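S.K.: If you're matching them up, the sequences are chains A and S in order. Residues in the first sequence are numbered from 15 upward in steps of one, following this note's numbering. Residues in the second sequence are numbered from 15 upward in steps of one, following this note's numbering. Ideal Cβ positions, reconstructed from N, Cα and C, are used throughout, including at glycine. The structure displayed is predicted, hence computed values, not measured ones.
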Amino acid sequence: DAKTTQPPSMDCAEGRAANLPCNHSTISGNEYVYWYRQIHSQGPQYIIHGLKNNETNEMASLIITEDRKSSTLILPHATLRDTAVYYCIATSKGAQKLVFGQGTRLTINP
Amino acid sequence: SAVISQKPSRDICQRGTSLTIQCQVDSQVTMMFWYRQQPGQSLTLIATANQGSEATYESGFVIDKFPISRPNLTFSTLTVSNMSPEDSSIYLCSVEGGGSYGYTFGSGTRLTVV
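1. So, do the segment 111-120 of chain A and the segment 75-89 of chain S have three or more beta carbon pairs nearer to each other than 8 Å?
2. Whole angstroms is fine: what's the gap from S/Asp-40's alpha carbon to S/Met-46's?
3. Using CA atoms only, rank isn't needed, just tell me which of A/Asn-123, A/Pro-21, A/Asn-37 and A/Asp-15 is closest to A/Ile-77.
4. Within this structure, are the beta carbons of S/Ile-18 and S/Ser-108 separated by less than 9 Å?
5. Could you compute how far the alpha carbon of S/Pro-22 sits from the alpha carbon of S/Ile-82?
6. Spell out the partners DSSP gives S/Phe-47 in its beta bridges.
7. Could you confirm whether any beta carbon from chain S is found closer than 9 Å to the beta carbon of A/Ser-55?
8. Taking the CB atoms as reference points, tell me whether A/Pro-58 and A/Leu-94 lie closer together than 9 Å.
9. I need the DSSP call for S/Pro-99, collapsed to helix, strand or coil.
10. How would you call A/Ser-55, buried or exposed, if buried means at least 16 neighbouring beta carbons within 10 angstroms?
11. What separation, rounded to the nearest whole angstrom, lies between the Cα atoms of S/Val-76 and S/Val-127?
12. Nearest-angstrom Cα distance between S/Thr-123 and S/Cys-37?
13. Express the C-alpha separation of S/Ile-60 and S/Ser-67 in angstroms, rounding to a whole number.
14. Using 8 Å for Cβ pairs, my map puts A/Ile-61 next to A/Ser-75. What's the rounded Cβ distance?
15. So which of S/Gly-30, S/Trp-48 and S/Asp-25 has the shortest CA-CA distance to S/Phe-119?
16. Determine the chain S residues that contact A/Lys-60 at a beta-carbon separation under 8 Å, and present them in chain order.
17. Hey, does A/Val-113 have any beta-carbon neighbour from chain S nearer than 9 Å?
18. Please name the residue, chosen from S/Ala-16, S/Pro-53 and S/Gly-30, that lies closest to S/Ser-102 on a Cα-to-Cα basis.
19. Is the shortest distance between the beta-carbon of A/Tyr-100 and the beta-carbons of chain S less than 9 Å?
20. Taking C-beta pairs closer than 7 Å, name the residues in chain S that A/His-63 reaches, listed in chain order.
21. Quick one: which unbroken beta strand (DSSP E) runs of 3-plus residues sit fully inside the segment 85-123 of chain A? Chain order, please.
22. Leaving out the 5 sequence neighbours to the left and right, which residues in its chain are closer than 8 Å to A/Arg-30 when beta-carbon positions are compared?
23. Which residue's Cα is closest to the Cα of S/Gly-74: S/Gln-65, S/Thr-58 and S/Asn-64?
Structure, rendered in structure tokens:
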């Protein structure tokens with residue numbers, strides 16, 4: 015798995031877009047970028063993943079730079095329930111396991 | 015995506031004893047994964063469990079301390095043996111969610127060793 019680097023913490027106001035960056039400068043061509051989040055005292059929850067195109071689902075959008083060395087997870091209208099630790103993981107689909115870094119602790123403020 | 019039931023949700027155990035954690039999945043899966051999350055830390059993979067073969071342990075984890083069973087394609091157990099206070103952690107199981115759902119995690123077992 016490629017190493018990922020995320021800021022340890024971020025704050026965002028409720029109702030605003032939360033933009034969480036992730037650096038994965040050593041990502042290889044077959045590695046996807048996955049995002050998970052862990053709300054306090056719960057198991058991690060899958061959010062979204064992508065290879066090179068931008069992706070959007072009901073939870074979030076994922077923007078991957080053209081050189082694939084970094085990406086941004088966007089929560090378009092953050093709510094208090096989005097307060098969690100967000101993990102960015104670069105791995106191939108055949109890797110068959112996830113390796114978690116330290117993630118970004120996102121706090122949504124009222 | 016798969017749904018995981020993990021039991022117990024929490025326990026307080028005496029040092030020197032063992033605890034077995036159960037993970038039940040609502041669909042057949044090839045691999046199941048066991049993670050440990052120490053207080054304030056990220057998740058660390060303990061081992062990967064395939065049905066019909068011995069589990070594959072990550073560096074720093076050994077079978078004598080964390081024996082794993084995988085009797086069928088929907089169930090696995092992790093035992094934390096001869097516990098010490100340093101084993102106080104959240105233990106989570108995980109499976110591939112299938113399709114576009116990434117990996118699914120159980121709600122975890124919060125273990126406190128006293």
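M.R.: Let me spell this out:
1. no
2. For the purposes of this step, residue 40 of chain S is taken as the residue at position 26 of the second sequence. For the purposes of this step, residue 46 of chain S is taken as the residue at position 32 of the second sequence. So the two alpha carbons sit approximately 13 Å from each other.
3. Within the first sequence, the letter at position 63 stands for residue 77 of chain A. It is A/Asn-37.
4. Residue mapping note: residue 18 of chain S aligns to position 4 of the second sequence, counting from 1. Residue mapping note: residue 108 of chain S aligns to position 94 of the second sequence, counting from 1. In this structure, S/Ser-108 lies closer than 9 Å to S/Ile-18 by Cβ.
5. One-based indexing of the second sequence puts residue 22 of chain S at position 8. One-based indexing of the second sequence puts residue 82 of chain S at position 68. One C-alpha to the other measures close to 16 Å.
6. Locating residue 47 of chain S in the second sequence gives position 33, where the first residue counts as 1. In DSSP, S/Phe-47 forms a bridge with S/Thr-62 and S/Ser-108.
7. The residue labelled residue 55 of chain A in the question sits at position 41 within the first sequence. Yes, A/Ser-55 counts as interfacial toward chain S.
8. Working through the first sequence from its first residue, we reach residue 58 of chain A at position 44. Working through the first sequence from its first residue, we reach residue 94 of chain A at position 80. Not closer than 9 Å, so no.
9. Here residue 99 of chain S refers to the residue found at position 85 of the second sequence. DSSP, read as helix, strand or coil, puts S/Pro-99 in helix.
10. Position 41 of the first sequence, counted from the first residue, corresponds to residue 55 of chain A. Classification of A/Ser-55: exposed, given that the 10 Å Cβ count is below 16.
11. Numbered from 1 along the second sequence, position 62 holds the residue referred to as residue 76 of chain S. Numbered from 1 along the second sequence, position 113 holds the residue referred to as residue 127 of chain S. When rounded, the distance between both Cα atoms is 19 Å.
12. Sequence index remark: in the second sequence, residue 123 of chain S carries index 109 (1-based). Sequence index remark: in the second sequence, residue 37 of chain S carries index 23 (1-based). Cα to Cα, the separation comes out at about 10 Å.
13. Position 53 of the second sequence holds residue 67 of chain S. Position 46 of the second sequence holds residue 60 of chain S. Roughly 16 Å between the two C-alpha positions.
14. Position 47 of the first sequence, counted from the start, is the residue given in the question as residue 61 of chain A. Position 61 of the first sequence, counted from the start, is the residue given in the question as residue 75 of chain A. Contact flag wrong, Cβ pair sits at about 10 Å.
15. Here residue 119 of chain S corresponds to residue number 105 of the second sequence, with the count starting at 1. For the residues S/Gly-30, S/Trp-48 and S/Asp-25, the minimum Cα distance to S/Phe-119 belongs to S/Trp-48.
16. The count along the first sequence starts at 1 and reaches residue 60 of chain A at position 46. Reading off the sequence shown, one finds Tyr at residue 60 of chain A, where the question assumed Lys. Neighbours of A/Tyr-60 on chain S, chain order: Ser-15, Gly-111, Tyr-115, Gly-116, Tyr-117 and Thr-118.
17. Counting from 1 along the first sequence, the entry for residue 113 of chain A is found at position 99. A/Val-113 counts as touching chain S.
18. Your numbering for residue 102 of chain S matches position 88 in the second sequence. If we check each option's Cα against that of S/Ser-102, S/Pro-53 comes out closest.
19. Position 86 of the first sequence holds residue 100 of chain A. Answer no: the Cβ-Cβ gap between A/Tyr-100 and chain S never drops below 9 Å.
20. In the first sequence, residue 63 of chain A corresponds to position 49, counting from 1. Simply Gly-116.
21. 98-106 and 118-123
22. Sequence index remark: in the first sequence, residue 30 of chain A carries index 16 (1-based). Contacts found: His-91 and Ala-92.
23. Taking the second sequence and counting its residues from 1, the one referred to as residue 74 of chain S is at position 60. The shortest C-alpha separation from S/Gly-74 is found at S/Thr-58.
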